[in-house]
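Asks:
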Amino acid sequence: MRQVLGLLGVLGTLGSLYAVLYYFNKKTPEPEGCEEIQNSCSGCGITSCGRHPSHMSTEE
Amino acid sequence: MEEKKPSFLQSLILENPVFSLYLGICSILGVSTSLDNAVGMAALVFLVLLFSNIVVSLIRKITPGEIRIPVYIVIIATLVSVAEMFIKAYMPSLYASMGSFISLVVVNCIILGRAEACASKNDVLTSIKDACVMGAGYFVAIFTISVIRQFLSTGGWSFANPLTLKTIFDIKIIPEQFTIGLFGKPVGAFVTFGLLAALFAGYKQNHEAKLAQAAKEAKAAAAAAAKEAK
Amino acid sequence: MKRAFYLAFFLAVVAAIAGGALTFANDMTKDQIAANKAATEKANLEIIYPGSDFEKLDFTDDTGMIVSVYKANEGYVYQMSTDGFGGKGSIEFMIGFGTDGKISGYTVLSSGETQGIGSKVAEADFVSSVTGKDIGASIDIISGASVSSRAVIKGIDAATAHYEANYK
Amino acid sequence: MGDLLTLFLSTVLIDNIILSHFLGMCPFMGVSKNRSSALGMGFAVLFVIVGASLLSYALYYLALVPLGLEYLELITFILVIACFVQFTELFLKKFIPSLYKSLGIFLPLITTNCAVLYVALDNITNSYDLAHTIVNSVGVSVGFMLILYIFSTIRERLDASTPLKSFVGNPLALITAGLMALAFSGLAGLI
Chain A
1 MRQVLGLLGV LGTLGSLYAV LYYFNKKTPE PEGCEEIQNS CSGCGITSCG RHPSHMSTEE
Chain B
1 MEEKKPSFLQ SLILENPVFS LYLGICSILG VSTSLDNAVG MAALVFLVLL FSNIVVSLIR
61 KITPGEIRIP VYIVIIATLV SVAEMFIKAY MPSLYASMGS FISLVVVNCI ILGRAEACAS
121 KNDVLTSIKD ACVMGAGYFV AIFTISVIRQ FLSTGGWSFA NPLTLKTIFD IKIIPEQFTI
181 GLFGKPVGAF VTFGLLAALF AGYKQNHEAK LAQAAKEAKA AAAAAAKEAK
Chain C
1 MKRAFYLAFF LAVVAAIAGG ALTFANDMTK DQIAANKAAT EKANLEIIYP GSDFEKLDFT
61 DDTGMIVSVY KANEGYVYQM STDGFGGKGS IEFMIGFGTD GKISGYTVLS SGETQGIGSK
121 VAEADFVSSV TGKDIGASID IISGASVSSR AVIKGIDAAT AHYEANYK
Chain D
1 MGDLLTLFLS TVLIDNIILS HFLGMCPFMG VSKNRSSALG MGFAVLFVIV GASLLSYALY
61 YLALVPLGLE YLELITFILV IACFVQFTEL FLKKFIPSLY KSLGIFLPLI TTNCAVLYVA
121 LDNITNSYDL AHTIVNSVGV SVGFMLILYI FSTIRERLDA STPLKSFVGN PLALITAGLM
181 ALAFSGLAGL I
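Protein chains in written order, with the working numbering: chain A, 1 to 60; chain B, 1 to 230; chain C, 1 to 168; chain D, 1 to 191.
#1: Hey, out of D/Ser36, D/Leu5, D/Thr6, D/Tyr57, whose CA is closest to D/Asp129's CA?
#2: Is there at least one non-hydrogen atom of the ligand MG closer than 7 Å to the beta-carbon of D/Arg35?
#3: How should B/Gln150 be labelled, buried or exposed, when 16 other C-beta atoms within 10 angstroms of its C-beta is the threshold for buried?
#4: How would you write the range of the alpha helix (DSSP H) that A/Gln3 sits in, first residue to last?
#5: Which same chain residues, not among the five before or five after B/Ala135, have their C-beta less than 8 Å away from its C-beta?
#6: Are D/Leu59 and D/Val45 closer than 8 Å when you measure CB to CB?
#7: Cβ of C/Val108 within 8 Å of Cβ of D/Ala188?
#8: By how many angstroms is the C-alpha of A/Gly6 removed from the C-alpha of C/Val13?
#9: Measure the C-alpha to C-alpha separation of D/Phe47 and C/Lys120 and round it to an integer number of angstroms.
#10: Of all the CB atoms in chain B, is at least one closer than 8 Å to the CB of A/Gly15?
#11: Can you give me the Cβ contacts of D/Leu55 inside the same chain, cut-off strictly under 7 Å, excluding the 5 residues immediately before and after it?
#12: Measuring CB to CB, does B/Ile67 end up less than 8 Å from B/Leu112?
#13: Does the beta carbon of A/Leu65 come closer than 8 Å to any beta carbon on chain C?
#14: Evaluate contact between the region 26–36 of chain B and the region 209–219 of chain B, counting only Cβ atoms and requiring at least three cross-stretch pairs below 8 Å.
#15: Work out the CA separation of D/Leu74 and D/Leu121 for me, nearest whole Å.
#16: Taking all protein chains shown into account, do 16 or more other C-beta atoms lie within 10 angstroms of the C-beta of B/Asn161, making it buried, or fewer, making it exposed?
#17: So, for B/Gly156: in the same chain, excluding its five sequence neighbours on each side, which residues have a beta-carbon less than 6 Å away from its beta-carbon?
#18: As a quick exercise: from B/Asn16, B/Arg60, B/Ser32, B/Phe178, pick the residue whose alpha carbon is nearest that of B/Ile75.
#19: Name the chain C residues whose beta carbon is nearer than 7 Å to that of D/Tyr71?
#20: So, at 7 Å on beta carbons, what are the nonlocal neighbours of D/Leu117 in its own chain, with the 5 sequence-adjacent residues on each side left out?
#21: Name the residues in the region 104–128 of chain D whose C-beta lies less than 9 Å from a C-beta of chain B; which are they?
#22: Does B/Ile174 come out as helix, strand or coil in the three-state DSSP assignment?
#23: With DSSP run on the structure shown, which of helix, strand or coil describes D/Tyr128?
#24: Under the three-state reduction of DSSP, which class applies to C/Asp100: helix, strand or coil?
#25: Do C/Glu164 and C/Gly144 have their C-beta atoms within less than 8 Å of each other?
#26: Judging by CA-CA distance, which residue of C/Ala4, C/Thr82, C/Gly75, C/Tyr167 is the nearest neighbour of C/Lys154?
#27: On a Cα-Cα basis, can you pick out the residue from C/Thr40, C/Tyr6, C/Ala122, C/Gly19 that is closest to A/Leu11?
#28: Distance check for B/Pro175 and C/Ser128, CA to CA, integer angstroms please.
#29: Rounded to the nearest angstrom, what separates C/Asn44 and D/Ala181 at their Cα positions?
#30: Do C/Tyr106 and C/Val130 have their CB atoms nearer than 8 Å?
#31: Which residues of chain B have a Cβ atom closer than 8 Å to the Cβ of C/Leu7, listed in chain order?
#32: How about B/Ala83 and C/Gln32: are their beta carbons less than 8 Å apart?
#33: Which two residues bound the contiguous beta strand (DSSP E) that contains C/Thr82?
#34: Quick check on the burial criterion: 16 or more other C-beta atoms within 10 angstroms. Buried or exposed for D/Phe95?
#35: Between C/Ala4 and chain F, is any beta-carbon pair separated by less than 8 Å?
#36: Which one or two residues does DSSP pair with C/Lys56 in a beta bridge?
Given below as structure tokens:
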């Protein structure tokens, strides 16, 4: 029983923490002088990179 | 001449995920020292890709838009962990030779890439088809490299059934002292992959040149026909 | 703000389900993995002392090279890991110290050394040059494979020092 | 103390994360176009690897082991790394925009970087104590930055050169990396 609680505790907190941080990270605007760093990431095909257009879509 | 749909084989070479997009290189370079490893890793990547595409496309309606990527990362991590447990339990020799590369499949760029690009937008069937195409592309890449590397570094090929450890075939062509040990080492991995990538790029370039050439001819013929009609 | 809570809850639920699936898979494979581990361990030890039974001892070690120590009927067996030409922990070997004061056995479990050069540390002539020697006697380096053989000898010396300090 | 130094030397030069473990290849291919971005990437990776592996180390020995949940290590480490990267990006965006300007672009790329996860898992499988964990993490990141920087200097010349058409770009970069691996493997007798 302790194991199940531990599991829910660890994974639950980490999961929700990640969601909250990810959400607020998307929400906070980039500092003023940082817009143009977008194009210096030389076309990497890696979709997991935060700069990839896949992250840009907001609410459904 | 309408654009004929590239045959399955052609799309395997032209849009090969590994050689054209350079996705998933970490696992390929690391594991392609022998046929058993290559087949094992290709099967693992394919199974994880298949199940992740299925699960992702099943829940695509209810996953909130903002946290799509985090949800996919959790799903893929679970699938890889489960796969790692089964390999450790039932294929210990394969686990020993692939070692830490199994758990690194989680961050394999192909799986997350396909989950995001394809599975999150289409229904289950297209996702499964996409997983098969990508899995085949990955298998072609890793298998070719391991064929070259194992041949040069050990002078032949050997393949054993991972479950029963019975060697299916073991051919030695080059005698022991003429094998190039370097190809078993990282140097060989980089060089073989570089040369093959160049080969694929070359094939793609002259394929596109042929298409452009054909298109130019078609335009010229059309212009000539138009002139005659006037 | 409410959206953030919904997202947090959603991912927490997904992570919990993932945890559940992992627990289920873990329970299914747990004993098989343990069985595998015990089997390979026993097989390695049998090479040094066939047919003897072994008792795993806990030990303190600051060299970082001793993987595990076992007490067999006629002596002790050390499982060692040393950094050879193939990098960190590239050579793993077992060495047996007999109660008769002689090295009762030496075998290489895994070696990432270069084929044909460093791999000589696993071949018969080096093995025979080690087995049967008195404990603490010096072992000569293989010419042409000095890096790998020196690494193995460093491991053997560490095991000998630990053996003499604790169990002689 | 001695073996800490050998561990550091071996992770930087001999057992280098890129040249002998092939990890971190995605940023290695993508970002090494010029020296400044290589350095920026190097520092971002150094910060994330050391931070994430310490967090994972603590979480493993404080939470997973006492609860007997060792089998959750892979998914926990991934979540820890992702949270750490998101938190860093958020913190930099809010409080240190200047640092964000130079490192910001690289941070999201590191979330699913093979090298970071490898180091976090490596510290556990080798059952390192705290000192070894720190040395291992710093060593790997210094090794990553060193190879990335050297490679970016070579790559600037490669882009200026005119190789065979099919070798342009990544294939040539891979072969150069192979030659670098050959050169670095010569150091193996160091320790």
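Note that CB positions come from ideal geometry on N, CA and C, so glycine has one too.
Replies: The short version:
#1: Here the closest residue by C-alpha is D/Tyr57.
#2: The ligand MG is absent from the structure shown, which contains no ligands of any kind.
#3: Per the 10 Å Cβ criterion, buried.
#4: Per DSSP, A/Gln3 belongs to the alpha helix (DSSP H) from 2–27.
#5: According to the sequence displayed, residue 135 of chain B carries Gly and not Ala. Closer than 8 Å at the Cβ level, and outside the excluded window around B/Gly135, lie Ala42, Val45, Phe46, Leu49, Leu50.
#6: The answer is no: Cβ separation not under 8 Å.
#7: For C/Val108 and D/Ala188, no; Cβs fall outside 8 Å.
#8: Computed Cα separation, rounded: 14 Å.
#9: Roughly 42 Å between the two C-alpha positions.
#10: So, interface residue.
#11: These residues qualify, in order along the chain: Val80, Phe84.
#12: Using a Cβ distance threshold of 8 Å, B/Ile67 and B/Leu112 do not count as a contacting pair.
#13: Limits of chain A in this structure are 1 at one end and 60 at the other, which puts residue 65 of chain A out of reach.
#14: No, they do not touch.
#15: About 8 Å.
#16: Under the 10 Å beta carbon count, B/Asn161 is surrounded by fewer than 16 other beta carbons and is classified as exposed.
#17: So the list reads Ile171, Lys172, Ile173, once near-sequence residues are dropped.
#18: In terms of Cα proximity to B/Ile75, the closest of B/Asn16, B/Arg60, B/Ser32, B/Phe178 is B/Arg60.
#19: D/Tyr71 reaches chain C at Leu22, Asn26, counting residues in chain order whose Cβ is nearer than 7 Å.
#20: Once the five neighbours on either side are set aside, the close Cβ partners of D/Leu117 are Phe77, Ile78, Ile81.
#21: For the region 104–128 of chain D, the set of residues with a beta-carbon nearer than 9 Å to any beta-carbon of chain B comprises Thr111, Thr112, Asn113, Cys114, Ala115, Val116, Leu117, Tyr118, Leu121, Asp122, Thr125, in chain order.
#22: It is coil, neither helix nor strand.
#23: D/Tyr128 sits in coil when the DSSP states are folded into three classes, being neither helix nor strand.
#24: Assignment of C/Asp100 by DSSP, reduced to helix, strand and coil, places it in the coil class.
#25: No, the pair does not count as a contact, with Cβ atoms beyond the cut-off.
#26: Nearest C-alpha to C/Lys154: C/Thr82.
#27: For the residues C/Thr40, C/Tyr6, C/Ala122, C/Gly19, the minimum Cα distance to A/Leu11 belongs to C/Gly19.
#28: When rounded, the distance between both Cα atoms is 27 Å.
#29: Distance between the alpha carbons of C/Asn44 and D/Ala181: 34 Å.
#30: Contact: yes.
#31: Those are Pro64, Glu66, Ile67, listed as they occur along chain B.
#32: No; because the gap between Cβ atoms is not below 8 Å, this pair is not in contact.
#33: Counting along the chain, C/Thr82 sits inside the beta strand (DSSP E) bounded by residues 75–84.
#34: Exposed, since its Cβ has fewer than 16 Cβ neighbours within 10 Å.
#35: Absent from the structure is chain F; the protein chains it does hold are A, B, C and D.
#36: Note: C/Lys56 sits in a beta bridge opposite C/Tyr70.
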